[in-house]
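Have a look at the structure below, then the notes.
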Amino acid sequence: MAVDKTANIVIVGAGCFGLSTAYHLQQRGYTNITLLERASSHPAPDAASTDINKIVRSAYSDNFYCDFAREAIELWKDSKVWGDCYKESGVLVLAADVNFLGHTNVPLANERAAGAPIRELRSGAEIAAAFPASAKAAAPEGRSGYFNPEGGWADAQGSIRRLAEIVVGAGAKLLTGHEVIGLSYDAFGGASGVRVRGKAEPIEADTVIVASGAWTVSSFADPELRLNGRMVATGQSMITIRLSPEEAERYKDIPVVLDFDTGFYCFPPTDGGVMKISRHYAGVVNPGFIPQADLDETPQPVMSIPTYRRPDLTAKPNATSHSAVPLDVANLARIVLRELFPELGDKPFEMGRMCWYTDTPDANWVIDFHPSHSNVLFVTGGSGHGFKFLPNIGRLAVDRLEGKLDAALSSRFALALDDPDRQVSGELLKRLKTLDQSDLRFAEDLNPGATLVDLQSDTTWRETLRTH
Ligand SMILES: Cc1cc2nc3c(=O)[nH]c(=O)nc-3n(C[C@H](O)[C@H](O)[C@H](O)COP(=O)(O)OP(=O)(O)OC[C@H]3O[C@@H](n4cnc5c(N)ncnc54)[C@H](O)[C@@H]3O)c2cc1C
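Residue numbers (our numbering): 5 to 472.
As structure tokens, this is what we get:
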């Protein structure tokens with residue numbers, strides 16, 4: 005498909021997917037690109053991409069993602085684009101299952117086949133020895149794992165800022181405070197651009213690229229678009245502790261740790277001594293209704309809206325609506341911290357944050373045109389693993405725009421609104437807990453003494469983890 009390089013392209017959302025798409029459009033010579041960002045400043049404080057750090061690794065059971073992640077890792081090393089945003093700390097993967105290192109571990113087999121120099125760890129002592137001695141790490145016996153020195157983490161916020169500077173420097177417009185509330189239509193019902201909250205006139209576009217992450221369903225709630233249920237916003241939490249300069253120096257060379265037994269993962273401290281602990285799990289949903297732009301229209305039910313507000317938020321003048329986390333996540337983070345780094349286990353939590361995955365049922369992204377609008381391309385559905393692909397995800401989007409994405413990938417990333425297997429339903433729906441507002445706490449209020457689990461006598465916590 006020949007696409008006019010001067011076409012007016014509007015990208016909704018300036019997170020990982022939107023910026024990477026803008027960058028790759030520019031690489032191919034597109035000159036008229038506008039990014040619309042709902043937040044009043046960029047990066048949006050509550051975007052999934054706006055984070056302290058993100059894991060960059062290539063262990064996937066699916067060969068496509070494994071290879072694409074290895075390509076991303078090579079690109080991250082280009083300091084002309086990314087400066088020192090990528091840190092190759094290596095990634096340590098843990099599990100309680102003794103068979104974890106066996107032939108059924110397909111992601112590990114794929115990493116090996118791709119030539120990664122994997123080091124197997126078959127005991128608590130071997131796991132502890134994979135950390136620098138200065139970090140005083142511990143691991144109980146009965147665990148196994150492996151270390152892959154290829155991979156590490158990215159400074160998430162730093163790399164988003166950097167890419168925004170690059171695309172704006174190359175001529176793209178980035179308009180903050182522009183919340184898109186739906187498509188605008190011409191007299192024949194075709195998409196002619198987007199409507200923006202508070203603006204009388206729509207913003208016209210030849211092509212609209214929707215890269216609005218977890219807000220995609222709630223921002224484009226027009227029932228005729230039929231997005232609700234194709235992807236769902238699931239709330240995920242992170243929490244931080246702050247290390248003293250002396251501790252930060254001793255822990256700075258630890259790898260990223262990802263524990264498949266618990267879902268928890270943690271990072272080496274940043275230069276400022278901030279250590280992030282987070283959890284990869286099914287997450288929570290926040291069902292609600294989106295009022296239609298026209299007040300006469302019926303509010304649309306949405307499976308999950310990526311926002312929440314604690315009732316006593318006003319009591320915390322500096323808090324934002326996303327700075328509280330569910331109590332059980334905080335409790336379990338402390339348990340994991342105490343187990344792995346005993347000397348850090350009782351450090352007060354400093355900051356918590358909830359942000360939202362855009363989950364699809366099979367965790368494949370969506371990179372496809374809407375079946376009713378051949379000039380509206382969706383680039384979303386990050387499903388909790390999109391950030392590492394900041395350097396190359398946009399290339400797939402531009403391939404799709406230009407009709408160059410091969411058939412297998414086009415089918416993998418299809419919007420597929422009529423495919424019942426690609427709707428959020430059944431087992432997946434059952435796993436999603438509804439967010440309990442009363443269960444949220446500000447991380448800084450959770451000093452060790454305030455957690456509810458009696459860590460010494462309560463041995464059920466690991467079961468709690470497994471049930472999520
Ligand atoms: C807690 C957490 C940890 C994660 N850890 C990892 C990890 O370790 N490794 C990894 O690879 N991935 C990780 N991910 C996943 C990764 O962050 C996402 O896949 C990726 O950031 C998605 O990017 P996005 O651009 O689709 O969404 P976002 O980053 O959320 O960006 C969407 C942007 O669109 C804007 N927007 C939304 N609606 C509108 C609208 N209506 N009008 C205008 N603008 C709008 C938003 O404000 C935002 O700026 C994690 C995600 C979370 C939540």
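Every residue, glycine too, gets a C-beta built ideally from N, C-alpha and C.
The continuous alpha helix (DSSP H) containing Leu336 extends over residues Leu331 to Leu344.
At least one heavy atom of ligand 1 is found less than 7 Å from the C-beta of Tyr361.
Per DSSP, the unbroken alpha helix (DSSP H) holding Pro249 starts and ends at Pro249 to Tyr255. Straight-line spacing of the CA atoms in Glu250 and Ala139 works out to 11 Å. As for any alpha helix (DSSP H) of minimum length 4 sitting wholly inside the stretch 112-180, the runs are 128-133 and 160-173, ordered along the chain. In the displayed model, Thr274 falls within coil according to three-state DSSP, outside both helix and strand. By the neighbour-count criterion, in which a residue is buried when 16 or more other Cβ atoms sit within 10 angstroms of its Cβ, His46 is buried. In the structure shown, the three-state DSSP call for His28 is helix. The stretch 74-87 makes no contact with the stretch 206-221; the number of CB pairs closer than 8 Å stays below 3.
Apart from the 5 residues on each side of it in sequence, Gly94 sits with its Cβ closer than 7 Å to the Cβ of Phe151, Asn152, Pro153, Gly155, Gly156 and Pro259 in its chain, given in chain order. Pairing Ala143 with Phe135, the inter-Cα distance amounts to about 11 Å.
With contacts defined as CB atoms closer than 8 Å, Ala160 and Val329 fail to qualify as a contacting pair. Listed in chain order, the non-local C-beta contacts of His374 below 6 Å within the same chain comprise Val380, local neighbours out to five positions each way being set aside. By the Cβ neighbour-count rule, Phe224 is buried, with 16 or more other Cβ atoms within 10 Å of its own. For Met235, the CB stays at least 7 Å from every heavy atom of ligand 1. When distances are taken from the beta-carbon of Phe21 to the heavy atoms of ligand 1, the shortest one is below 7 Å. Look at Phe224 here: in three-state DSSP terms it is coil, with no helix or strand label. The Cβ-Cβ distance between Ile164 and Ser222 does not fall below 8 Å. Short of 6 Å from the beta carbon of Gly386, and not among the five residues preceding or following it, lie these beta carbons of its own chain, in chain order: Thr362. In this structure, ligand 1 has no non-hydrogen atom nearer than 7 Å to the beta-carbon of Lys437.
In the structure shown, Tyr189 falls within a strand segment according to DSSP collapsed to helix, strand and coil.
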